[in-house]
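Enquirer: Take a look at the following structure, please.
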Amino acid sequence: MGSNSSRISDLPKNEYLKKLSGTESVSENDPFWNQLLSFSFSAPTSSTELKLLEEATISVCRSLVENNPRTGNLGALIKVFLSRTKELKLSAECQNHIFIWQTHNALFIICCLLKVFICEMSEEELQLHFTYEEKPLGSYSSDSEDLLEELVCCLMQLITDIPLLDITYEISVEAISTMVVFLSCQLFHKEVLRQSISHKYLMRGRCLPYTSKLVKTLLYNFIRQEKPPPPGARVFPQPSDGGGLLYGLASGVATGLWTVFTLGGVGSKAAAAPELSSPLANQSLLLLLVLANLTDATDAPNPYRQAIMSFKNTQDNSPFPSSIPHAFQINFNSLYTALCEQQTSDQATLLLYTLLHQNSNIRTYMLARTDMENLVLPILEILYHVEERNSHHVYMALIILLILTEDDGFNRSIHEVILKNITWYSERVLTEISLGSLLILVVIRTIQYNMTRTRDKYLHTNCLAALANMSAQFRSLHQYAAQRIISYTCRHLRRYVYVLDKLYFPHSHCSTLQHCFSSLSDNGEELLSLTCSHVLRSYASSLFSLLSKKHNKVLEQATQSLRGSLSSNDVPLPDYAQDLNVIEEVIRMMLEIINSCLTNSLHHNPNLVYALLYKRDLFEQFQTHPSFQDIMQNIDLVITFFSSRLLQAGAELSVERVLEIIKQGVVALPKDRLKKFPELKFKYVEEEQPEEFFIPYVWSLVYNSAAGLYWNPQDIQLFTMDSD
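Quick note, my numbering runs 27 ahead of the 1-based positions in the sequence shown.
Here it is, written out as structure tokens:
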């Protein structure tokens with residue numbers, strides 16, 4: 028077949044590939060390299076094409092693994108690439124298309140080979156392959172160069188120093204992809220790596236001085252979102268419609284490694300899958316996240332995380348403390364804009380979380396913005412479409428909100444931002460609503476979804492913490508937001524009574540209660556009717572009289588059951604009994620949120636008082652409950668005070684008249700009668716060993732989102748693969 032092969036299946040027979048991987052040593056000065064690197068190739072982008080390419084070249088790679096100890100051809104190829112990169116910047120300035128084209132091809136081959144080498148061998152074996160020289164079998168020189176370190180340093184220089192032009196776009200993407208491949212050894216280990224070649228080369232030695240420059244370049248690539256150049260402007264020769272055509276060099280060499288071959292019948296056409304708008308930005312962001320989440324070395328902290336933690340705004344003229352290494356400056360306004368625009372992807376949300384959590388300069392800047400809705404609305408949309416997002420993306424979005432709500436200024440300002448026509452919110456038409464009220468609606472909806480579907484305690488705890496942080500600054504709540512706060516609390520109060528009924532009277536089966544709960548709508552909006560209020564009241568009275576004797580024991584049993592510590596003689600509690608702790612925790616927190624609002628901003632929230640009065644019958648049943656009695660004092664006082672004023676006003680009151688009476692009553696209610704409670708404040712703190720969560724998450728994003736990279740799912744050990 029030789030050099031004219033036009034299908035992937037023909038690649039193992041390609042004469043140049045066979046020579047590269049064969050038993051004959053090829054000097055780095057051999058004309059063979061010009062021939063090898065003179066191919067036109069539309070790099071595959073879809074997973075199908077990438078899989079075909081890997082399967083076709085795996086035999087070539089394995090042959091090279093076997094023969095390279097004797098031939099040193101891998102080292103020769105890398106040296107050819109290294110020598111060319113020294114002239115790459117000048118070639119870009121001189122528009123030397125052929126030189127850049129061949130250099131890119133060399134890097135593409137290296138990346139393909141490196142990916143297989145890392146997957147198929149240990150790090151010790153890998154390093155040996157990168158220190159081989161052309162020498163007889165069995166003779167190893169002690170002064171051999173570490174070509175792997177040279178390659179990594181060269182890639183960092185290429186990424187940071189080569190100007191981004193149409194003719195250098197592809198080689199910049201390839202350099203970043205090769206860096207990702209170099210770090211990919213983590214994919215093939217179940218445990219998080221704490222010592223590896225990445226630690227050896229990236230955290231000390233020759234690569235360390237490039238840290239801040241590399242992080243800055245990757246951030247700017249993300250900010251700029253540069254699209255790939257149009258086909259006519261690229262460095263690569265464009266094939267004709269006839270298929271694989273040779274791009275002839277001045278020397279008249281024969282066709283190179285590959286002509287543009289046919290992939291599944293599509294030839295050189297674009298892949299069927301939608302292409303990334305900016306492969307460079309996407310690849311840069313993934314590499315940045317991988318670097319930021321490397322574990323610390325045994326003798327040094329992760330320098331890339333240090334750089335991310337400490338960079339400042341270009342408008343900040345204060346000097347960097349001498350104790351902060353790898354510092355740099357970047358335009359915060361451009362970064363903020365890019366973050367707002369790119370939140371549809373997991374990786375952009377993870378970057379936002381990383382910056383907010385780790386860089387106090389960024390956090391201060393963002394909280395001072397007067398257009399926070401541009402950032403918050405995309406985050407709320409992620410949570411609103413929770414059914415369509417993976418759980419990690421939802422977690423990151425939620426934690427971002429929790430971090431933001433730690434700031435009182437943020438909690439006040441979001442109620443001052445008025446939004447018009449939120450089209451993606453479909454439960455109700457919202458023609459006008461404050462950002463704060465919308466945030467409340469979305470978070471409550473997220474809790475609701477979690478409690479009915481995923482039942483993840485971590486998620487609902489963080490949702491409630493965000494609402495609690497906001498509660499003292501609730502202002503002018505939209506009537507629907509106020510209604511949802513109260514109706515959601517009522518739903519759990521009813522559920523609580525139902526569970527207690529099942530626990531204490533397992534054979535009584537209150538049919539009215541069962542009917543009520545079976546008629547809940549999917550989103551838990553309301554019971555269809557509450558004609559059984561007298562039944563609830565009588566049950567509550569009888570149940571609460573038993574709580575002092577049984578309640579603590581039941582909760583203790585439920586907790587033990589959850590922890591798996593019940594003795595062999597104990598009868599496991601049914602599922603609804605194990606839910607009792609969770610339901611009570613949610614009720615307690617929602618009551619505290621309502622109480623915090625009433626105590627701190629009663630006069631700003633007549634709609635909340637209105638919603639509370641509308642459901643007063645249910646709240647009154649819990650006045651004497653031992654778990655809620657303390658927090659119910661203020662709620663009971665408000666209900667009693669305003670109910671009295673409504674009675675005095677007479678019957679048949681309109682909604683407008685009730686709100687008017689509430690607004691007048693707020694002024695008359697003595698504030699000293701409301702009991703003061705400690706301020707509700709929750710702060711996000713990462714779990715111990717956060718890398719156990721973040722490293723698999725980041726690499727799952729690389730696996731699923733990296734442009735032009737494919738790994739066999741059967742080889743992946745770090746995380747569980749979803750079944751196709």
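Ideal Cβ positions, reconstructed from N, Cα and C, are used throughout, including at glycine.
Output the distance between the C-alpha atoms of Thr-205 and Leu-629, rounded to the nearest integer angstrom.
Expert: Your numbering for residue 205 matches position 178 in the sequence shown. Your numbering for residue 629 matches position 602 in the sequence shown. Approximately 59 Å between the Cα atoms of the pair.
Enquirer: Grouping DSSP H, G and I as helix and E and B as strand, with all else coil, what is Lys-339?
Expert: The sequence position of residue 339 within the sequence shown is 312, counting from 1. Strand at Lys-339.
Enquirer: Would you kindly work out how many angstroms separate the C-alpha atoms of Ile-406 and Leu-425, rounded to a whole number?
Expert: In the sequence shown, counting from the first residue as 1, residue 406 sits at position 379. In the sequence shown, counting from the first residue as 1, residue 425 sits at position 398. Cα-Cα distance, rounded: 8 Å.
Enquirer: Suppose you measure from the CA of Lys-45 to the CA of Val-87; what does that come to, to the nearest Å?
Expert: Position 18 of the sequence shown, counted from the start, is the residue given in the question as residue 45. Position 60 of the sequence shown, counted from the start, is the residue given in the question as residue 87. Roughly 7 Å separates the two Cα atoms.
Enquirer: Between the C-alpha atoms of Phe-437 and Phe-669, what's the straight-line distance to the nearest angstrom?
Expert: As a working mapping, residue 437 is identified with position 410 in the sequence shown. As a working mapping, residue 669 is identified with position 642 in the sequence shown. Their Cα atoms are separated by approximately 31 Å.
Enquirer: Spatial neighbours of Thr-244 within its chain, please: C-beta separation below 8 Å, excluding the five flanking residues on both sides.
Expert: Position 217 of the sequence shown, counting from 1, holds the residue named residue 244. Excluding residues within five positions, the ones whose Cβ falls inside 8 Å are Ile-186, Thr-187, Ser-311.
Enquirer: Going residue by residue through the segment 425-501, where are the continuous beta strand (DSSP E) segments of at least 3 residues, counting only ones entirely within it?
Expert: DSSP runs (the beta strand (DSSP E)) wholly in the segment 425-501: 445-447, 459-461.
Enquirer: Is the separation between the beta-carbon of Trp-726 and that of Gln-213 shorter than 9 Å?
Expert: The residue you call residue 726 lines up with position 699 of the sequence shown. The residue you call residue 213 lines up with position 186 of the sequence shown. It is a contact, given that the beta carbons lie within the stated cut-off.
Enquirer: Whole angstroms is fine: what's the gap from Pro-643's alpha carbon to Tyr-515's?
Expert: Along the sequence shown, read from residue 1 onward, the residue named residue 643 stands at position 616. Along the sequence shown, read from residue 1 onward, the residue named residue 515 stands at position 488. Sequence inspection shows Arg at residue 643; the Pro mentioned does not correspond to that position. About 14 Å.
Enquirer: What are the partner residues of Gln-356, as DSSP defines its beta bridges?
Expert: Walking along the sequence shown from the start, residue 356 turns up at place 329. Gln-356 is bridged to Lys-339.
Enquirer: Can you name, in chain order, every residue of its own chain whose Cβ lies under 8 Å from the Cβ of Phe-720, other than the five neighbours on each side?
Expert: Here residue 720 corresponds to residue number 693 of the sequence shown, with the count starting at 1. Hits under 8 Å: Glu-714.
Enquirer: Whose CA, out of Ile-224, Ala-365, Lys-217, lies closest to the CA of Leu-153?
Expert: Counted from its first residue, the sequence shown places residue 153 at position 126. When each option's Cα is compared against that of Leu-153, the closest is Ile-224.
Enquirer: Short of 8 Å in beta carbon distance, which residues of its chain neighbour Ile-127, apart from the five on each side in sequence? Order them along the chain.
Expert: Counting from one through the sequence shown, the residue named residue 127 turns up at place 100. Leu-115, Ser-118, Ala-119, Ile-194, Thr-195, Ile-198, Val-262.
Enquirer: Going by the CB atoms, is the gap between Leu-466 and Glu-454 shorter than 9 Å?
Expert: Along the sequence shown, read from residue 1 onward, the residue named residue 454 stands at position 427. Along the sequence shown, read from residue 1 onward, the residue named residue 466 stands at position 439. Not in contact: Glu-454 and Leu-466 (Cβ atoms no closer than 9 Å).
Enquirer: Taking just the CA atoms, how far does Leu-664 sit from Glu-647?
Expert: On the sequence shown, position 620 is the one that residue 647 refers to. On the sequence shown, position 637 is the one that residue 664 refers to. So the alpha carbons of these two residues sit roughly 11 Å apart.
Enquirer: Tell me whether Met-748 is buried or exposed, calling it buried when 16 or more other Cβ atoms sit within 10 Å of its Cβ.
Expert: To locate residue 748, count along the sequence shown from 1; it is residue 721. Its Cβ having fewer than 16 others within 10 Å, Met-748 is exposed.
Enquirer: Below 9 Å between beta carbons: does that hold for Leu-752 and Met-230?
Expert: Within the shown structure, residues of the chain are numbered from 28 to 751, placing residue 752 beyond reach of any answer.
Enquirer: Over what stretch of residues does the alpha helix (DSSP H) that includes Gly-232 continue unbroken?
Expert: The residue labelled residue 232 in the question sits at position 205 within the sequence shown. Per DSSP, Gly-232 belongs to no alpha helix (DSSP H) and is neither H nor E.
Enquirer: Cβ of Leu-457 within 9 Å of Cβ of Leu-446?
Expert: Reading the sequence shown from its first residue, position 430 is the one you call residue 457. Reading the sequence shown from its first residue, position 419 is the one you call residue 446. In this structure, Leu-446 lies closer than 9 Å to Leu-457 by Cβ.
Enquirer: Distance check for Asn-634 and Val-693, CA to CA, integer angstroms please.
Expert: Here residue 693 refers to the residue found at position 666 of the sequence shown. Here residue 634 refers to the residue found at position 607 of the sequence shown. Going by the C-alpha atoms only, they are around 12 Å apart.
Enquirer: Determine which residues share a DSSP beta bridge with Ala-327 and list them.
Expert: Residue 327 sits at position 300 when you count from the first residue of the sequence shown. Its beta-bridge partners are Ala-324.
Enquirer: Is it the case that the segment 349-356 contacts the segment 694-711, given that we only count it when at least three CB pairs across the two stretches are under 8 Å?
Expert: No, because fewer than three Cβ pairs between the segment 694-711 and the segment 349-356 fall closer than 8 Å, the two stretches do not touch.
Enquirer: Just reading off the alpha helix (DSSP H) that Ile-136 is part of, what are its end residues?
Expert: To locate residue 136, count along the sequence shown from 1; it is residue 109. Its alpha helix (DSSP H) spans residues 124-147.
Enquirer: Let's test the definition: count the other Cβ atoms within 10 Å of the Cβ of His-216 and tell me whether it reaches 16, buried, or not, exposed.
Expert: Residue mapping note: residue 216 aligns to position 189 of the sequence shown, counting from 1. Exposed: under 16 other Cβ atoms inside 10 Å.
Enquirer: Pull up the CB-CB distance for Val-219 and Ile-145, whole angstroms please, since I reckon it's below 8 Å.
Expert: Position 192 of the sequence shown, counted from the first residue, corresponds to residue 219. Position 118 of the sequence shown, counted from the first residue, corresponds to residue 145. Not really, about 17 Å apart at Cβ, beyond 8 Å.
Enquirer: Only counting the same chain, and skipping five residues up and downstream in sequence, which positions put a Cβ closer than 7 Å to that of Thr-238?
Expert: Here residue 238 is taken as the residue at index 211 of the sequence shown, counted from 1. If we look at Thr-238 and ignore the five residues flanking it on each side, its Cβ neighbours are Pro-330, Tyr-331, Ala-334, His-353.
Enquirer: Below 8 Å on the Cβ atoms is my contact criterion, and I expect Asn-94 with Ser-48 to pass it. Report the Cβ-Cβ distance as a whole number of Å.
Expert: In the sequence shown, counting from the first residue as 1, residue 94 sits at position 67. In the sequence shown, counting from the first residue as 1, residue 48 sits at position 21. Between Ser-48 and Asn-94 the Cβ distance is about 6 Å, and since that is below 8 Å, they are a contact.
Enquirer: From which residue to which residue does the alpha helix (DSSP H) around Asn-100 run?
Expert: On the sequence shown, position 73 is the one that residue 100 refers to. Here the alpha helix (DSSP H) through Asn-100 covers 100-112.
Enquirer: Under the rule that 16 or more other beta-carbon atoms within 10 Å means buried, what is His-412, buried or exposed?
Expert: As a position in the sequence shown, residue 412 is number 385, starting the count at 1. The residue is exposed, with fewer than 16 neighbouring Cβ atoms inside 10 Å.
Enquirer: Between the Cα of Ile-474 and the Cα atoms of Leu-736, Arg-518, His-505, which residue gives the shortest distance?
Expert: Here residue 474 refers to the residue found at position 447 of the sequence shown. Of Leu-736, Arg-518, His-505, the residue nearest in Cα terms is Arg-518.
Enquirer: Do you know whose CA, among Pro-653, Asp-435, Gln-252, Glu-81, lies nearest Leu-303's CA?
Expert: Residue numbering aside, residue 303 sits at position 276 when the sequence shown is read from its first letter. If we check each option's Cα against that of Leu-303, Gln-252 comes out closest.
Enquirer: Check Val-317 in the structure and name its three-state DSSP category.
Expert: The sequence position of residue 317 within the sequence shown is 290, counting from 1. Of the three classes helix, strand and coil, the one that applies to Val-317 here is helix, per DSSP.
Enquirer: Note down, in chain order, each residue of its chain lying with its Cβ closer than 7 Å to the Cβ of Glu-201, except the 5 sequence neighbours on either side.
Expert: The count along the sequence shown starts at 1 and reaches residue 201 at position 174. So the list reads His-131, Leu-134, Phe-135, Cys-138, once near-sequence residues are dropped.
Enquirer: For Leu-607 versus Ile-621, is the C-beta spacing smaller than 9 Å?
Expert: Locating residue 607 in the sequence shown gives position 580, where the first residue counts as 1. Locating residue 621 in the sequence shown gives position 594, where the first residue counts as 1. Cβ distance not < 9 Å, so Leu-607 and Ile-621 don't count as in contact.
Enquirer: Could you compute how far the alpha carbon of Leu-736 sits from the alpha carbon of Glu-612?
Expert: Here residue 736 corresponds to residue number 709 of the sequence shown, with the count starting at 1. Here residue 612 corresponds to residue number 585 of the sequence shown, with the count starting at 1. Between Leu-736 and Glu-612, the C-alpha separation is close to 46 Å.
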